[in-house]
Structures are given as C-alpha cells and as structure tokens.
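Before any comments, here is the structure.
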RNA sequence: CGGGAUGUAGCGUAGUCCGGUCAUCGCGCCUGGUUUGGGACCAGGAGGUCGCAAGUUCGAAUCUUGCCAUCCCGACCA
C-alpha cells in the first residue's frame, strides 16, 4: 500500500478521504453510504464518548435506550418534524423472507407485510415523547434527564466517511421540564458542555450561537449550535442543542399537574453530537503526513520505538523501554512499546505519524551509551535527545503542551479565517478568495438568507451568542440590521 | 435523486478506441538470508470469476444492455 497522502494543497477533500482510509479510521462497507468504523477509529470515538458521558452524568443525566424502530404514525404527530425528516427515512415494510418458488433465491414474503410500517429512527424525539407520556403525571416526576448512545439512519444521497453517512453513531439527550426557563437553561447548559468538550478535549475552538429559522431543527423553537472552522475555510456544525418548547408534549399529549393543581404541557430539550466529530477532529489538526490527535483523545499517547543492532542490544533496550512504559502508565498515560522485529524503525516512525500518535520516544544504541533517548512530538515534528532521567514528568508536561499548542494553532487558524464584510460585493469576494467565516449584516428574513445561499453557497451558520449589537444595513437588501451574523460555506 | 467520470490481485496501475498466448508493471504479502538512528536489501514464491448479470460472437478485460459501488458537480442534509 502506498502510504503517500494526497497533499492538502492539491486536493483537500481527496486528502481527507485518503487520510481516513490510510490512518485506519474507517472504510466504506458493502452497504451504500454506511461505513465500517475500524478499531483505531472506533477507539478515538470511544475516547470522545467517555469524556462526554462523564460530563452528562456530572450534569445529572442518565443513559437509557429506546427502540431503533419507530411506528410511522408517531412521525405524523409533529408536523414540522415529519416534514424535516420524511425525505430521508428508511422504512421497514415486511418481517419475513421466503424461498422464491422458481428457486431464484430468497425474496420478501408479501404475506408478511407489516400492518403499520416502521421507520428506522433518524432521531428519537417521537418514540421518546410517546414513552415519556407514561412516565409523567406530576411536577414531581420532573425533570427527566435522559441520554442515549445509539445509531440513527438518514438516507443521504451523497455521503462521506464520518462527515455524512447514511447510518451514524451519536448520542441524543432528551429532557423534560416543568418550566420553560428550566428547559432553556438545560439547552444552554448542554451547549456549553459541547463547547467545552470541543475546546478542552478536541482542541477545537468553536463559535456558540443560535440557528436562524431556516436552519433550525425540525420541531424546535430554538436551535443552539457550535460551529467550527476547518483548514479549508469551510465551517462544520459540531453539535446542536434544541429548545423544543411544548411542541412534542402537545403532539404526544404529555401533561403534568403542577403544585397549584393546574395542568400544563411539559417543556422539552434535545441535544446531540455524532461521529461527525471525527471529521471535525481530522480536518482541524491533521497535516500532509497524516492524522494529528490531541493527547486527550489519542488512544495511544506515547509510542516507544527501539532502534537496535542484534538481540543483545534489543534486550538492553527492552529493559529501559518496559521500565519507561510502566512509569508513564503510572501517570495515566497510554503507551505502546512497538518492538516488532518485522518492521524497521523508519517504517514505524512514518506509521505512527500517519496515525497521529502525539509523542514518540526512540531508544537506540547511542542512547544506551549516553543514558538518553529521543523524544519527538507529532504536532510540530520537533525532535530532541534528552536524558532519560525524569522522562515521565517531561512527557506528562509535553502532552499538556501539545494539547494546548493544537488548540492555539486551531484558534489562530479560526481567527485568520474570520472576516467582516460591509457590502455584498466584498462578501462575495471574501468567499471566493479566502473562504472562512464572514460576519455581515442581515435583515433577519428567511427570504434574504435563501437568496444569499442561492447566489453564493454560503449559509448563516449562526447568530453568535452574546453578539455585539451594531447598527448596520443588510448586505443584500440594504434594510436596517442590528447585528452581524456569521456566514460561511459549510460541510 | 439528476449530470459526469471511474471500476483489472490487498493497494496503485498497463492493456479497452482497433475482440484472438493479455492478463502488465510497481508496492504490499509469504519463505530464507543479510539488515535496523526516517518508509531496508538480495534470492525465491504465492495471489486475479478483469465490479456483477445478461447479450453479441467460433472467441469478450475489450463490443451492447441492465444493475451495483466509488469519486466529482448539483438538489437535500448532522
């Protein structure tokens, strides 16, 4: 297998595809649009899951599991929700196969038609709110704070590994509250959980904001989001948190009796992040040599590679390496010692660079004599020969430094890719020449938003939270505007 | 789902126009040996229903039709 990746400068999307395959993250499967997530890719996802799950629990949520299948009739109960998802649903119509009478193979048994078709969940609001109806009678039953880790299916026409697949893995939180402001606080809290996760773990700076009516989740009153900037100047929605109002409670007739004895519909939120985060991680940090992983999400944080002549030398290096491995592990650092004799050191160096391992330690004959070792960091490619004394502490600090450096680099990238436009011509020229985020005045109408999208391909990614109020004129219509919104071409 | 391109060994490919020892080459893989401070070298070896299915023909990787998959461009979307 050729290990060479397409260069980012030559073809960014080809680079991304190559990287996902060659770093062993995922591959296409026999089913169109559905991916196989390979062990290495999945272990990164598991790191993400672990960090998020911990935060969900800390904020009072519990995990549960709801069915993969949703009765079709549930879907029709919330009008905008159906409309939003109808075009991309997989539908189960039969429950049995049989042998064809002409011996041509196995066919669907038409006698086994389902009375009511089942939809493979594209999201679980409907089945969950149907279920919550049975769980909620009184304000004492509230709030309900539930999350589920699951797969969902959206029949996408054009798919890309991790970024958009027909089936993907995600978590979806679904909460029920007695008061609107409590639900809004929950929505905002989870947005902050996502933003912190993106910045502290993924080392990706994000813009928090709310979606326009046009970009809002089907069935939500308000959609909050975090938006990230990729190296090619396109934005990527990394997470969403929805205030659903009483829409689903009304659709599924979920009422509770308050302290005062009055009945009211329950207030809802839902929030999710998906395996798409893998795409964000790749496109934010990686380079032409391969994946670059932030230490906090790296399945292997440190790899140790021996360089030796003869078995005797290998044995000496083994002793040092195993001692070092233990010392690092005692500090909670994940280490791999790769003393395979079937590959040479140079090959291993290239391989672990491709896979984004943050720190590499090489130990060779020279080091045996000098009591040193070579330590190399993936993010900057710097190499240094250092004394093996105090190496565990040094590596521990280095991992923190790498994590911070990746964030700062990504932040600088985001800043460089963020522009302001004061006229439509300027707006278009920025999009054509530089890409990235563009702050511009907008008159607040869906009509204008759609026109701009049609003419430039750029969409309003969000109206940033805590946005600076500023008098201005809409770049498209010239109408009065009170603030700039964030435009970008997006994934 | 519409338009375009592509599909030959695990990967990348030659051959396809002009049907007939054409299944080519490189990487990878296996065995043995020598090696090991940035993707090793030598020798030997294995591996292919030419995406799938029909059709045309004495004969199809090559021509025709249908299907499937991937990539690019649109519409749609986390």
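In this note's numbering, the protein residues as written are 6 to 496. Backbone N, C-alpha and C fix where the C-beta goes; we use that ideal spot for every residue, glycine too.
Run through DSSP, which three-state label would residue 10 get? If you number the first chain from 1, residue 10 lands on position 5. Looking at residue 10 - three-state DSSP - the assignment turns out to be coil, as it is neither helix nor strand.
Residues that DSSP places opposite residue 67 in a beta bridge: For this step, residue 67 is matched to residue 62 along the first chain. In DSSP, residue 67 forms a bridge with 151.
Report the partner residues of residue 467 according to the DSSP bridge assignment. Along the first chain, one-based indexing puts residue 467 at 462. According to DSSP, residue 467 bridges with 491.
Have a look at the DSSP bridge pairing and note the partners of residue 182. Taking the first residue of the first chain as 1, we reach residue 182 at position 177. Bridge partners of residue 182: 272.
In three-state terms, what does DSSP make of residue 119? For the purposes of this step, residue 119 is taken as residue 114 along the first chain, with counting starting at 1. Strand, per DSSP.
Helix, strand or coil at residue 141 [DSSP, three-state]: If you number the first chain from 1, residue 141 lands on position 136. Of the three classes helix, strand and coil, the one that applies to residue 141 here is coil, per DSSP.
Identify every run of the alpha helix (DSSP H) within the region 259-326, keeping only runs that are complete inside it and at least 4 residues long; order them along the chain. 281-290
Note down the Cα distance separating residue 242 from residue 422, rounded to an integer number of angstroms. Along the first chain, one-based indexing puts residue 242 at 237. Along the first chain, one-based indexing puts residue 422 at 417. One C-alpha to the other measures close to 16 Å.
Burial state of residue 371 (16 or more Cβ within 10 Å): Position 366 of the first chain holds residue 371. Exposed, because fewer than 16 other Cβ atoms sit within 10 Å of the Cβ of residue 371.
Under 9 Å between the Cβ atoms of residue 174 and residue 152? To locate residue 174, count along the first chain from 1; it is residue 169. To locate residue 152, count along the first chain from 1; it is residue 147. Not in contact: residue 174 and residue 152 (Cβ atoms no closer than 9 Å).
Is residue 445 helix, strand or coil by DSSP? Here residue 445 is taken as the residue at index 440 of the first chain, counted from 1. Here residue 445 sits in strand by DSSP.
Which one or two residues does DSSP pair with residue 25 in a beta bridge? Here residue 25 refers to the residue found at position 20 of the first chain. DSSP lists no partner for residue 25.
Can you round the beta-carbon distance between residue 13 and residue 293 to whole angstroms, since I take them to be within the 8 Å contact cut? Working through the first chain from its first residue, we reach residue 13 at position 8. Working through the first chain from its first residue, we reach residue 293 at position 288. With a Cβ gap of about 6 Å, residue 13 and residue 293 count as contacting.
Would you list the residues sitting across from residue 379 in a DSSP beta bridge? By one-based count along the first chain, residue 379 stands at place 374. Beta-bridge pairing links residue 379 to 367 and 390.
For residue 373 and residue 351, I'd like the C-alpha separation in whole angstroms. Position 368 of the first chain, counting from 1, holds the residue named residue 373. Position 346 of the first chain, counting from 1, holds the residue named residue 351. Computed Cα separation, rounded: 19 Å.
How would you label residue 70, buried or exposed, when you count the other beta carbons within 10 angstroms and need 16 or more for buried? Counted from its first residue, the first chain places residue 70 at position 65. By the neighbour-count rule (16 or more Cβ atoms within 10 Å), residue 70 is not buried but exposed.
Complete beta strand (DSSP E) runs within the region 177-222 (minimum length 3 residues, chain order): 212-215
Go ahead and pull the three-state DSSP assignment for residue 480. On the first chain, residue 480 is found 475 positions in, with the first residue counted as 1. The answer is coil: DSSP assigns residue 480 none of H, G, I, E or B.
Reducing DSSP to helix, strand and coil, say where residue 104 ends up. On the first chain, residue 104 is found 99 positions in, with the first residue counted as 1. Three-state result, residue 104: strand.
If you draw a straight line from the alpha carbon of residue 483 to that of residue 211, how long is it in whole angstroms? Position 478 of the first chain, counted from the first residue, corresponds to residue 483. Position 206 of the first chain, counted from the first residue, corresponds to residue 211. Near 29 Å, if we compare the C-alpha coordinates of residue 211 and residue 483.
Out of 170, 287, 189 and 35, which one is the CA nearest neighbour of residue 208? On the first chain, position 203 is the one that residue 208 refers to. Per the Cα distances, 287.
Per DSSP, what kind of secondary structure is residue 235 in: helix, strand or coil? Position 230 of the first chain holds residue 235. In the structure shown, residue 235 sits in coil (DSSP, three-state: anything other than H, G, I, E or B).
In whole angstroms, what is the alpha-carbon distance linking residue 164 and residue 40? Reading the first chain from its first residue, position 159 is the one you call residue 164. Reading the first chain from its first residue, position 35 is the one you call residue 40. If you take the alpha carbons of residue 164 and residue 40, they lie about 10 Å apart.
Using DSSP's beta-bridge definition, name the partner residues of residue 342. In the first chain, the residue the question calls residue 342 occupies position 337. Answer by DSSP bridge pairing, in chain order: 309.
Going by Cα to Cα distance, which pick from 225, 259 and 281 is closest to residue 84? Along the first chain, read from residue 1 onward, the residue named residue 84 stands at position 79. Answer by Cα proximity: 225.
If contacts are defined as beta-carbon pairs under 8 Å, then residue 247 and residue 280 qualify, I think. What distance do you get, rounded to the angstrom? In the first chain, the residue the question calls residue 247 occupies position 242. In the first chain, the residue the question calls residue 280 occupies position 275. Contact flag wrong, Cβ pair sits at about 19 Å.
Whole-angstrom C-beta distance between residue 489 and residue 425, which should lie under 8 Å: The count along the first chain starts at 1 and reaches residue 425 at position 420. The count along the first chain starts at 1 and reaches residue 489 at position 484. The Cβ separation is near 7 Å, so the contact holds.
Under 9 Å, do residue 363 and residue 307 count as touching if we go by C-beta distance? Working through the first chain from its first residue, we reach residue 363 at position 358. Working through the first chain from its first residue, we reach residue 307 at position 302. Cβ distance < 9 Å, so residue 363 and residue 307 count as in contact.
Which one or two residues does DSSP pair with residue 169 in a beta bridge? Locating residue 169 in the first chain gives position 164, counting from the first residue. Its beta-bridge partners are 165.
Return helix, strand or coil for residue 409, following the three-state DSSP convention. For the purposes of this step, residue 409 is taken as the residue at position 404 of the first chain. Helix.
Under 6 Å Cβ to Cβ from residue 276, same chain only, skipping five residues before and after it: list those, please. The sequence position of residue 276 within the first chain is 271, counting from 1. Cβ neighbours of residue 276 beyond the five flanking positions: 178, 195 and 246.
Would you mind stating whether residue 231 and residue 200 have Cβ atoms separated by less than 9 Å? For the purposes of this step, residue 231 is taken as residue 226 along the first chain, with counting starting at 1. For the purposes of this step, residue 200 is taken as residue 195 along the first chain, with counting starting at 1. Taking 9 Å as the Cβ cut-off, residue 231 and residue 200 qualify as a contacting pair.
Thinking C-beta only, is residue 123 closer than 9 Å to residue 158? Translated into the one-based positions of the first chain, residue 158 becomes position 153. Translated into the one-based positions of the first chain, residue 123 becomes position 118. No, Cβ-Cβ distance for residue 158 and residue 123 is not below 9 Å.
Any chance the region 137-147 sits against the region 55-65, with 3 or more Cβ pairs inside 8 Å? no
If you draw a straight line from the C-alpha of residue 263 to the C-alpha of residue 269, how long is it? Position 258 of the first chain, counted from the first residue, corresponds to residue 263. Position 264 of the first chain, counted from the first residue, corresponds to residue 269. So the two alpha carbons sit approximately 7 Å from each other.
For residue 469, which residues in the same chain have their Cβ closer than 8 Å to its Cβ, ignoring the five residues on either side in sequence? As a working note, residue 469 is residue 464 in the first chain. Hits under 8 Å: 212, 213, 214, 490 and 491.
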